[in-house]
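I have placed the structure first, in the form of structure tokens, so that the comments after it can refer back to it.
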């Protein structure tokens with residue numbers, strides 16, 4: 004019965020560094036179609052939060068509207084969630100982040116939510132470098148309204164309805180690179196070995212971390228004519244590198260051959276270990292990421308993995324020079340200048 | 320030829336080209352009279368333009384303390400050839416017309432029933448100042464100097480204002496005083512003065528201040544504890560956030576670290592502005608935005624979510640002329656229905672109607688408490704007239720013992736003590752439920768905020784019964800709301816007349832003045848000033864207890880009247896609209912004429 | 131009939147079984163208590179209505195062969211039940227006055243009402259069995275000389291353990307020191323109706339529990355069970371211990387008996403040592419005196435219930451029937467045949483004291499052997515058990531089994547009021563589940579019968595099954611050695627007794643691995659599978675019988 008998930012969990016499940024088991028990061032049972040890529044991404048989020056030893060209540064999950072935006076119900080039920088309106092999650096996340104800079108913000112959006120109705124907010128949240136993880140579950144179609152093409156559908160790709168898409172695709176990754184995003188990655192819902200470390204790195208990144216996850220819609224867009232099907236992506240997937248996220252508290256135990264690997268250190272002392280690097284690509288060089296992306300596109304490849312990271316990213320709070328204490332904890336004494344100051348101000352108006 | 324004669328009772332209008340720096344000179348004029356202890360009511364009449372179009376500044380001087388706009392110009396200072404014809408025509412017979420006679424006035428503009436006072440302002444400035452920008456700017460100061468003589472403004476008061484104004488740029492004091500002197504001297508040398516209309520020191524303003532409503536609202540937000548302001552620039556609300564920003568920088572910056580106890584984000588549009596406010600308030604910060612009608616239209620989507628998901632919001636709506644882009648720089652009270660029922664579905668929003676800068680301050684500060692207490696948007700409905708014009712206002716006060724009412728928020732300790740947290744569970748029976756903030760407790764109190772229907776435990780449901788329970792509870796909360804809102808103001812000890820006047824916001828000044836005017840003609844009224852929506856029992860009783868109630872408002876459709884009929888089930892025959900919607904603030908005469916006209920028509 | 135087909139005594143076993151099945155119940159892997167399988171069998175048996183019409187019949191035409199069954203207990207009765215429908219003429223010998231063996235003599239009526247026993251023994255005997263009750267078979271030789279084509283020995287373990295060397299054991303001149311199983315039989319058959327006010331029961335097994343509780347009902351006011359070893363090593367079933375304790379019977383542990391105190395031939399009580407169990411590094415236990423003073427317990431009667439043994443004094447040792455270690459007959463573990471071809475053993479008589487359900491299992495196998503033997507076929511060419519596999523899918527999330535996993539904890543069986551129970555020896559203590567509670571308890575079942583069946587060729591590796599599985603049983607990973615694989619799964623596969631299912635290679639080069647260990651059979655994997663690569667299929671297993679009794683798959 005997919006509307007009831009049994010309460011029992013594996014009795015030997017290990018716990019993470021803060022004593023939580025993976026089940027502490029679960030949510031309600033999914034109501035998406037069986038085999039939906041989005042569910043895999045939810046599972047990857049659960050896995051990443053578990054491995055990162057995130058306290059579930061110290062994370063807030065936010066979404067817009069659409070199949071993808073339903074998913075926050077399906078993970079982290081001990082986290083506050085906010086299912087906002089279509090395409091407007093970035094503004095909610097921005098406000099939430101302003102109010103409390105100490106929580107982790109995890110935004111989930113879809114291709115319709117981010118590349119169409121919410122494009123305005125998407126580009127501006129990138130500009131502001133809001134400290135959040137922003138995942139687009141990208142299936143190239145509108146699932147909840149029965150499979151219309153979305154703005155990320157490739158030209159000539161056809162969904163279940165059979166009509167080929169006439170218009171050029173919007174590549175959110177390319178857009179994010181162009182807009183100056185400080186963390187840009189693409190992954191595939193069917194590749195958790197890549198996706199989980201990317202989500203972990205995104206959580207550690209101090210700023211806007213964007214992951215475009217190709218996530219097949221099994222019901223409307225998993226046809227041979229689709230470029231967002233399981234088969235197509237598996238056949239055309241090309242990774243920039245393989246990736247390991249090493250939290251600051253862990254000792255680095257694996258040695259990799261120089262030249263083949265690189266290490267990106269993050270501000271909190273954690274590090275990204277990248278191996279099997281793509282040629283002519285440096286994750287810290289935006290131009291090389293753009294080139295690599297275009298090269299892959301020309302060859303018909305779906306380029307995945309970490310594309311670009313700016314380890315010196317300054318997030319919105321740094322740009323705004325807000326106090327370190329969360330704004331939502333400030334009290335009257337911090338906020339209200341008092342009667343005397345008001346009296347002085349009044350004097351200026353006489 | 321007749322000479323208008325009056326002491327401390329006149330309307331002086333300045334006709335300028337916008338972008339020429341006339342505003343500060345005109346302000347100086349108004350302030351000088353204010354500092355002589357005489358009530359003034361200045362109004363900007365400006366175009367939606369940055370440079371080169373006509374703009375007017377009008378100052379009503381009223382010893383009786385009438386602060387509404389009065390029709391008829393007693394003295395016109397015209398330094399704009401583009402509006403010359405119109406300006407000449409607008410002066411009352413017997414009135415005065417001050418102009419720059421560097422260029423000779425064309426005969427077609429010469430009326431024989433007004434007095435012309437030509438001053439070669441350009442010529443004088445060209446002679447005395449070398450910088451082109453200074454020549455431009457000081458022309459304005461010159462005419463203020465001239466007015467000092469013509470109207471008998473105390474010289475020390477004027478120079479005092481200049482000294483105050485340039486406290487931080489002292490080298491500008493002397494040239495400004497020089498320009499003033501030039502104007503005064505020219506009058507002294509060429510005209511008999513003072514004129515028939517003039518001012519005379521009084522002690523009528525007490526400790527009042529001369530301040531605009533937007534500054535007041537911005538200060539109210541600061542004192543109300545706002546830490547996040549998210550906004551999109553739009554006339555006439557922009558200066559609300561500007562004021563907040565100015566005072567926040569002064570008063571909320573940590574002197575040691577330079578870090579700020581606030582954040583102001585200029586959003587990409589009003590949708591995002593409202594989204595940021597909601598994200599912040601959902602997460603426990605006090606946040607607000609300011610906008611005008613077009614912005615409210617865009618925010619409607621989020622306002623529905625805020626109403627339904629019960630998220631506190633403070634929104635200052637500085638109304639302007641609509642619909643659509645409408646008259647962006649003119650005033651109206653025409654967003655009432657839009658705001659009261661903002662968003663699709665069964666929504667209703669709490670509105671506050673300040674009618675003075677002091678109330679802009681008080682209502683905005685209180686709006687944060689109300690929003691937290693009621694967990695819903697609070698919309699402060701001011702307008703361009705109140706927001707952008709200086710008004711004589713009682714000074715604002717703050718009680719240092721006042722604590723913010725953060726409403727029903729459960730902390731970790733409280734969550735520990737309850738069995739099962741239900742976000743939309745009406746445990747107190749007042750329709751207001753307890754909320755929790757993200758990050759409070761590891762295992763208790765998390766919930767999902769959503770715009771879709773849900774049950775008492777915030778779980779998604781499409782069950783009609785659960786939906787009905789929820790929206791019915793929201794109506795219960797609506798009833799509860801009434802007891803928290805500021806009460807209406809009655810202008811009577813008891814009901815003495817069969818007719819009543821009902822007004823709100825900036826309509827209050829001229830409405831009260833019109834009462835005096837009509838009283839003088841032997842027509843008496845009871846009166847009530849609304850301060851909030853939903854309407855409480857006092858409003859209901861006032862309408863019930865009068866045969867006829869004139870609803871005075873500044874829109875075409877009688878929106879407040881509709882709201883009263885709709886919400887209170889009043890017989891529409893009983894409510895008579897008194898309307899003005901030409902974009903200028905309504906005047907006492909307009910009110911009087913419409914009401915008296917109605918009586919004449921009936922009799 | 132499903133209940134009866136293999137079990138033969140569901141009403142009896144549903145009250146008295148040692149429950150060897152329950153530790154195997156996988157419910158016990160996800161929470162403390164398994165499904166109350168035993169007591170559910172009772173519910174099913176008690177509520178079955180009249181089943182006489184469904185019962186197999188012995189054919190009127192016999193096959194001309196005769197089989198003798200020695201002993202009337204569960205093993206023999208099972209052989210009788212399985213063979214009679216094939217036309218064998220069955221002769222059953224027992225020294226008791228009715229069938230049932232130890233079920234009748236040793237299980238007190240307050241646990242097993244006589245009516246239940248009579249009914250279920252009756253279903254077998256009604257198959258035209260020739261009974262020879264009150265007949266003690268004293269010579270195998272005599273039996274072999276009769277014209278039986280085969281002889282089955284199901285005589286149990288009739289000899290109660292004693293403490294012949296304990297000081298004072300033989301000083302008592304009155305009949306106040308009893309052997310547990312004999313004393314219970316004596317009570318069962320109405321020979322004994324009273325016991326003294328102060329009773330000591332020695333022993334920690336189920337017989338001791340039955341003895342002490344029976345003693346309470348025969349006038350024992352201060353009944354004490356004394357066990358030599360630690361409490362946790364007691365052999366009695368935990369629920370039987372709990373039932374005894376509920377009847378105000380203290381159980382003292384770590385106290386080996388030291389001597390009987392008899393004054394003037396009259397029993398006064400017993401002395402006990404005090405010991406503690408000490409374990410060496412190999413976990414070997416020694417019971418060492420603690421040095422605390424010995425304890426004296428007054429007693430009017432002592433019941434010795436310290437185990438029971440086999441005894442075959444009636445089998446002559448020169449018949450070619452070999453005896454081995456501990457003077458036990460040499461019996462084949464699978465065929466239950468002795469070294470004398472036509473003699474078969476089963477139940478406690480075959481391999482020593484076990485329990486009733488084991489005896490039934492022996493009976494089924496022995497019946498097959500006897501049938502094969504009588505038909506001149508090899509007893510080693512045994513028929514396979516019946517199995518099948520049928521898809522249970524009904525809709526997107528609907529299965530023809532109850533896939534929802536309830537979280538109810540095991541329900542407790544209600545008891546009669548204690549005072550009433552203690553004053554009536556034959557009043558059944560357990561009331562049994564009522565039907566609704568029984569249903570709820572049955573819903574705790576994790577449907578081991580429904581298998582998760584994986585079809586590699588259909589899988590598109592969308593991970594949906596792995597992501598949804600509540601107990602993390604499913605993994606997609608690269609193949610490897612089992613020991614390595616067990617550490618790389620979604621959850622550690624620590625139960626080495628549970629094999630891993632490893633699929634064929636999938637297109638990405640990975641394999642799907644399922645660890646059945648704590649699978650809930652909730653069907654979510656199959657429901658979330660977009661390509662029906664998973665299916666839930668019902669598996670039936672019917673233990674082989676000499677004759678088809680009832681085709682359970684036809685239900």
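Chains as they are written, first to last, in my numbering: chain A, 4 to 353; chain W, 320 to 922; chain P, 131 to 685.
By construction, the Cβ of each residue, glycine as well, lies at the ideal position given by its N, Cα and C atoms.
This structure is a prediction, so every number in the text was calculated from the model and none was measured.
The continuous alpha helix (DSSP H) containing residue 406(W) extends over residues 403–409. Proximity of chain W to residue 97(A) at the Cβ level (cut-off 9 angstroms) is accounted for by 549, 584, 586, 591, 594, 595, 598, 599, in chain order.
The Cβ neighbour count for residue 21(A), taken over all protein chains shown within 10 Å, is under 16; the residue is labelled exposed.
Boundaries around residue 711(W) are those of the beta strand (DSSP E), 709–712, since no alpha helix (DSSP H) includes it. In the DSSP annotation of this structure, the continuous segment of the alpha helix (DSSP H) that includes residue 204(P) starts and ends at 204–213. Between the C-alpha atoms of residue 314(P) and residue 465(P) there is a straight-line separation of about 33 angstroms. Here residue 760(W) has 731, 734 as same chain residues with Cβ atoms under 7 angstroms from its own Cβ, once five neighbours each way along the sequence are excluded.
At a C-beta separation below 9 angstroms, residue 9(A) has no neighbours in chain W, since its nearest C-beta there lies roughly 19 angstroms away.
Contacts between residue 15(A) and chain P, judged by CB atoms closer than 8 angstroms, involve 621, 622, 624 in chain order. The stretch 696–709 of chain W and the stretch 522–540 of chain W touch, with no fewer than 3 CB-CB distances between them shorter than 8 angstroms. Of all residues in the stretch 378–399 of chain P, none is placed with a Cβ closer than 7 angstroms to any Cβ belonging to chain A. If you compare the alpha carbons of 55(A), 162(A), 120(A), 192(A) with that of residue 228(A), the shortest gap goes to 162(A). In this structure the stretch 182–189 of chain P does not touch the stretch 139–159 of chain P; the number of beta carbon pairs closer than 8 angstroms is below three. Following the DSSP letters along the chain, one finds residue 282(P) inside the beta strand (DSSP E) bounded by residues 280–283. The C-alpha of residue 309(A) lies about 33 angstroms from the C-alpha of residue 632(P). Relative to residue 66(A), the option among 318(A), 97(A), 39(A) whose CA is nearest is 97(A).
Take residue 133(A), set aside five residues on each side of it, and the residues of its chain with a beta-carbon closer than 8 angstroms to its own are 93, 96, 97, 100, 108, 210, 211, 318, 319, in chain order. Taken through DSSP and simplified to helix, strand or coil, residue 266(P) comes out as coil.
Counting only runs of at least 4 residues, the stretch 309–389 of chain P fully encloses the following alpha helix (DSSP H) elements, listed from N- to C-terminal order: 310–318, 336–347, 368–376.
Contact annotation: in the stretch 576–608 of chain P, residues whose CB is within less than 8 angstroms of a CB in chain A are 590, 591, 592, 593, 594, 596, 597, 598, 600, 601, 602, 603. Take the alpha-carbon of residue 573(W) and the one of residue 326(A): they are about 8 angstroms apart. Below the 7 angstroms Cβ cutoff, chain A contributes no neighbours of residue 422(P), its closest Cβ being approximately 40 angstroms away. Counting C-beta atoms within 10 angstroms of its own C-beta, residue 137(A) has 16 or more neighbours from the protein chains shown and is therefore classed as buried.
Residues of the stretch 30–46 of chain A whose Cβ lies closer than 8 angstroms to any Cβ of chain P, in chain order: 32, 33, 36, 37, 38, 39, 40, 42, 43, 45, 46. By the neighbour-count criterion, in which 16 or more other beta carbons inside 10 Å mark a residue as buried, residue 300(P) falls on the exposed side.
Spanning the alpha carbons of residue 312(A) and residue 287(A) requires a straight line of approximately 5 angstroms.
Within 8 angstroms of the CB of residue 195(A), the CB atoms of chain P belong to 593, in sequence order along the chain. Secondary structure remark: continuous beta strand (DSSP E) runs of at least 3 residues inside the stretch 769–840 of chain W, in chain order: 818–823. Your pair residue 78(A) and residue 28(A) checks out as a contact, with CB atoms roughly 7 angstroms apart and the cut at 8 angstroms. The beta carbon of residue 694(W) sits closer than 6 angstroms to those of 629, 631, all from its chain and outside the five residues before and after it, given in chain order. With respect to the C-alpha of residue 602(W), the residue from 358(W), 672(W), 800(W), 767(W) having the closest C-alpha is 767(W). For residue 154(P), the nearest beta carbon of chain A is not closer than 9 angstroms to its own beta carbon. Scanning chain P for C-beta atoms nearer than 8 angstroms to the C-beta of residue 131(A) yields nothing, as the closest lies near 33 angstroms away. Within the same chain, and ignoring the five residues on either side of residue 875(W) in sequence, the residues whose Cβ sits closer than 6 angstroms to its Cβ are 900. Inclusion of residue 479(P) and residue 329(P) in the CB contact set at 9 angstroms is not warranted, their separation being larger than that value.
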